[in-house]
Each structure stands twice: as structure tokens, then as C-alpha cells.
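Peer 1: This is the structure, below, for whatever I ask next.
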Amino acid sequence: MEPTPVQLNYDFGKLFTATKSYIDNYNKDNFELKSRINANHRATAELITRLYAKQLNKAISRGDSFEDGIPGFKTFNPSLASCKGCTVRTIINHKDRLKASGFIIKEVHHGKTGIELWINPLIFDERVKKIHPLVQEHQEQKNNNSDVNCLINVTGTLQEHHKNTEESRISNFDNAKANELEPTFLQGLVNNFWKYARSKLFPDDIFSKEEELKVLENITTTIYRNFEVKGSYKDWKDYQDGLYERVEMVKRWLDRNPYRWIPSANLYFHPHNKRNNFKNTYQWYLKQQNLKRNIRNRILIQKAEKEWLDHDKGEGKHKGKSRLQLFRLQLKRLESYGDKTLLKAYENSLQRTLSKKVTQ
């Protein structure tokens, strides 16, 4: 039996690093602002690199060995403009700047069939073998008597990724309490997150087995930090819920504007992608959580103030209670939120209420 030949693919992370290095080196040698590659040009270069690599890897998966040389990147100016969220004229201007820098070394126009771009070979000079993933593929047969749902399959048909996404958010936690910190439980967190993120952010993308394992490896490193941080079952559940909310935030952001886009899954979760990585949503998430908390606190304080106002008028459902009883009831209710900021706001509200009472 002949051994199966190893496919050499283009790694998005390496290409992203090579693109960044090329542009940084070019800018170091060009001090005039008009000749430098700015952030917008850089984003276009990264977009072209990503789409080109995806095109090449698909050709490789079909058996193309590129014996006659790497083909050009076939695309359309309007398609690039749509992906970038800009006008066709902007794309043309960006290409001109990238040609001047040597990033694009050749462009051929094919009329109705679009354009073909050749990128500097310094960017696409190396292909890589499959990297042994940090997240191992589950090899054991399914044990129907097991108390632990060890692994959620994420390599099913394309349609399966649209089903039961809400269930996938909690299935691991329903069954894993007895062995909450076993490797299978932690690995299940990664697979559940990817299943959910894929259904929301990459519903139309099709991944080979190798591509999916690479994405899982990147998620383990970038999002879960290889589980070097220790936590309890509740800690991981809270963290996982936060990740799902961050995915929803990105989904809403994309839905609000058809010209918005995120990188490919491999690049979006890649540990070396500092520019537009999913982990950058953390600060955004914190701001939204703080905003939600502040709005909630204002509503709770307004409710408490209304109760005092009604009580002083002999109205409302608490009119039969003493002032001390009403205070204790409100304090107990607000303490249940575990928010010191809320309690401080309540204290200030009480002082204002009492001050008004004294001056009347």
C-alpha cells in the first residue's frame, strides 16, 4: 500500500505575519507620507492575502500541485470592494499603492471574468504540513452509558451546524458536573464554542478536517489560553456564557451593515493576529456589560425612590409597612444583585430622599 502524500497548505497565520513584515519593512524605507502604506492599504493587503490563500488551498485540496507555478489570484474589483466595505474606486487606488510598494507585482484584466493579481513571492514562498493539533480528535467509540458527554461533534454536515445552537451552549454543563475539570470536559468547551461561533459567524463556510482542527487549536490557545488558568465549574460556565454573548455581539455588528466583515475563522482566532482577533471583543464586551449594569441600576433606584414617594403619600403596595420595614425590604432586594456600586447608589438616593423630607 502506497503512503498517502502529505498536502502542503498555506497557513493563514504565517501569511498574515509575512504580509505584516513586508509592509513594515517597506514603510521603514519610505519616509514620505504619500508613498507609505497606511492602515487602510494594509487592511486591503491582508484581505487579498486571506482570499488568495483560501483560493490556493481549495485548489490544493482538489489535487493541484502547482507544478507550473502558483496561479494568480482571480477576483473582481466590486467583490473586493464589497468585502472591504468601500467603493470600487478605493480598491483601485489601494491596488495602485500596493503595486508601487511591490506587494502586488502583476495585474491582468480579463474583461467580464474579472482580474488576476500576482502577489510578491516573499509572501507566498512557503507552504506548511498539517500541524499536530493541540485539540486532539476524539478516537474512542461513543459510550451510550457514559455520564459525561465527552465531546460534541463539530465535523458533521453543513446543515447540522444550524441546529440546536442554544442547546450546544449548555449541554456540556448539564452532564459534566461529576468530572467537571477532566480534559474531556475542557475539550468540550472548545468544541461547543466553535460549534456556536461557526453557526453564527461562519454559516456558509465549508472547512476541511485539517482546517477545522487548526481552528480548534487556535481557539484553545487564544480564547482558552491552553487552560493554563485554573477555575471551578462555575468559573468556566460563566466564562463560556460570556464567550457566547461576545459571539452574539459580533453577529449583531455584522448584521447592521452588509459591508462589514471579519477575517476567516483560522485568522480570526489566530494567536498572532493582533489587529482583528476575536479576543479583542473582550473590552467591547466589558463596556456593554457596564452599560447594561448602569441602566439596570438606574431602573432599580428609580423604583426604590418611587416606593418611598408612594409610601409617604400613603399609597402603593407597601403603604402598610413602617419606614424601617420598607428600607429592609429594599436593601435585601438590592443586595441580591451583589453589586457594591448599586448599594452605594441606593445609599446616595436615600440621603437625597431624607434631605427632601427634612427641608419640606
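Residue numbers for the sequence shown follow our numbering, so the first one is 16 and each next one is one higher. Each residue gets a CB set at the ideal place from its N, CA and C atoms; glycine is no exception.
Return yes when the Cβ of H56 is within less than 8 Å of the Cβ of L113, no when it is not.
Peer 2: In this structure, H56 lies closer than 8 Å to L113 by Cβ.
Peer 1: Using beta-carbon positions only, say whether N233 and N291 come within less than 8 Å of one another.
Peer 2: No, the pair does not count as a contact, with Cβ atoms beyond the cut-off.
Peer 1: Looking at the structure shown, is N288 part of a helix, part of a strand, or coil, going by DSSP?
Peer 2: Residue state, collapsed to three classes: coil.
Peer 1: With H, G and I counted as helix, E and B as strand and the rest as coil, what does DSSP make of L301?
Peer 2: Correct three-state label for L301: helix.
Peer 1: With a Cβ-Cβ cutoff of 8 Å, do L71 and Y37 count as a contact?
Peer 2: Cβ atoms of L71 and Y37: not closer than 8 Å.
Peer 1: Between which two residues does the alpha helix (DSSP H) harbouring W133 extend?
Peer 2: Note, W133: premise wrong, no alpha helix (DSSP H); beta strand (DSSP E) at I130 to I134.
Peer 1: Using a Cβ-Cβ cut-off of 6 Å (strictly less than) and excluding sequence neighbours within five positions of I146, which residues of its own chain qualify?
Peer 2: At I146 the pLDDT is 37, less than 50, meaning the model places this residue with poor confidence; the figure from the coordinates comes in the next sentence. Hits under 6 Å: none found.
Peer 1: CB-CB under 6 Å to F217, same chain, minus the five flanking residues each way: which ones, in chain order?
Peer 2: Only A280 meet the Cβ criterion.
Peer 1: Taking 8 Å as the CB-CB cut-off, is V123 touching chain D?
Peer 2: The chain inventory of the structure shown lacks chain D, comprising one protein chain alone.
Peer 1: Quick one: what does DSSP say E122 is sitting in, helix, strand or coil?
Peer 2: Looking at E122 - three-state DSSP - the assignment turns out to be strand.
Peer 1: By a C-beta neighbour count over all protein chains shown, 10 Å radius and 16 as the cutoff for buried, is E61 buried or exposed?
Peer 2: It counts as buried.
Peer 1: On a CA-only basis, which of L306, L132 and I134 is nearest T356? Give me that one, please.
Peer 2: The candidate whose alpha carbon is nearest that of T356 is L306.
Peer 1: Kindly indicate which three-state DSSP category T102 falls into: helix, strand or coil?
Peer 2: In this structure, T102 counts as coil in the three-state DSSP scheme.
Peer 1: Nearest-angstrom Cα distance between P198 and W209?
Peer 2: Their backbone Cα atoms lie some 17 Å apart in a straight line.
Peer 1: Output the distance between the C-alpha atoms of G331 and Y300, rounded to the nearest integer angstrom.
Peer 2: Approximately 38 Å, taken between the alpha carbons.
Peer 1: On the three-pair Cβ rule with 8 Å, is the segment 267-286 touching the segment 316-331?
Peer 2: The answer is no - the segment 316-331 does not touch the segment 267-286, with fewer than three Cβ pairs under 8 Å.
Peer 1: Pull up the distance between the alpha-carbon of S364 and that of L231, whole angstroms please.
Peer 2: Each residue's Cα considered, the two are about 49 Å apart.
Peer 1: Below 8 Å on the Cβ atoms is my guess for T296 versus R261; work out the distance and round it to an integer in Å.
Peer 2: About 5 Å; that satisfies the 8 Å criterion.
Peer 1: Decide if R213 is buried, meaning its Cβ has at least 16 other Cβ atoms within 10 Å, or exposed.
Peer 2: So R213 ends up on the buried side.
Peer 1: Between the segment 72-90 and the segment 127-143, are three or more C-beta pairs nearer than 8 Å?
Peer 2: Contact holds: three or more Cβ-Cβ distances are below 8 Å.
Peer 1: Are the CB atoms of D354 and R313 within a distance shorter than 8 Å?
Peer 2: No, Cβ-Cβ distance for R313 and D354 is not below 8 Å.
Peer 1: Taking buried to mean at least 16 other C-beta atoms within 10 Å of its own C-beta, is E182 buried or exposed?
Peer 2: For E182, the predicted structure reports a pLDDT of 37, less than 50, and the residue's modelled location is therefore unreliable. A value from the coordinates is still provided. With fewer than 16 Cβ atoms within 10 Å of its Cβ, E182 is classed as exposed.
Peer 1: Would you list the residues sitting across from T64 in a DSSP beta bridge?
Peer 2: T64 is not bridged to any residue.
Peer 1: So the beta strand (DSSP E) F88 belongs to, where does it begin and stop?
Peer 2: Residues F88 to T90.
Peer 1: Nearest to K73 by alpha carbon, out of E225, C98, T34 and Q298?
Peer 2: Among E225, C98, T34 and Q298, the Cα nearest to that of K73 belongs to E225.
Peer 1: Considering only heavy atoms of the ligand SAH, does any lie closer than 7 Å to the CB of K210?
Peer 2: This structure lacks the ligand SAH, and indeed carries no ligand of any kind.
Peer 1: Buried or exposed for N288, going by 16 or more other Cβ atoms inside 10 Å?
Peer 2: Answer is buried; the Cβ neighbour count reaches 16.
Peer 1: In angstroms with no decimal places, state the Cα-to-Cα distance between Y211 and L228.
Peer 2: When rounded, the distance between both Cα atoms is 16 Å.
Peer 1: Going straight from the alpha carbon of K336 to that of R311, what length do you get?
Peer 2: Straight-line Cα distance between these residues: approximately 26 Å.
Peer 1: Contact defined as beta carbons within less than 8 Å: I believe I85 pairs with F46. What is the distance between those atoms, to the nearest angstrom?
Peer 2: Contact doesn't hold; Cβ gap of about 33 Å is too wide.
Peer 1: Would you report the Cα separation of L201 and F222, rounded to the nearest angstrom?
Peer 2: Cα to Cα, the separation comes out at about 23 Å.
Peer 1: Starting from E225, follow the alpha helix (DSSP H) in both directions and report where the run begins and ends.
Peer 2: Unbroken alpha helix (DSSP H) run through E225: K224 to T237.
Peer 1: Using 10 angstroms around the beta-carbon of R65, count the other beta-carbons present and answer buried if the total reaches 16, otherwise exposed.
Peer 2: Buried, because 16 or more other Cβ atoms sit within 10 Å of the Cβ of R65.
Peer 1: Given a cut-off of 8 Å on the beta-carbon distance, is the pair L358 and E350 in contact?
Peer 2: Yes, they are a contact pair.
Peer 1: Going by other Cβ atoms of all chains shown within 10 Å of its Cβ, with 16 needed for buried, is Q2 buried or exposed?
Peer 2: Because the chain spans 16 through 375 in this model, residue 2 falls outside it and cannot be assessed.
Peer 1: Can you give me the start and stop residues for the alpha helix (DSSP H) that L48 sits inside?
Peer 2: Counting along the chain, L48 falls outside any alpha helix (DSSP H), and DSSP gives it neither H nor E.
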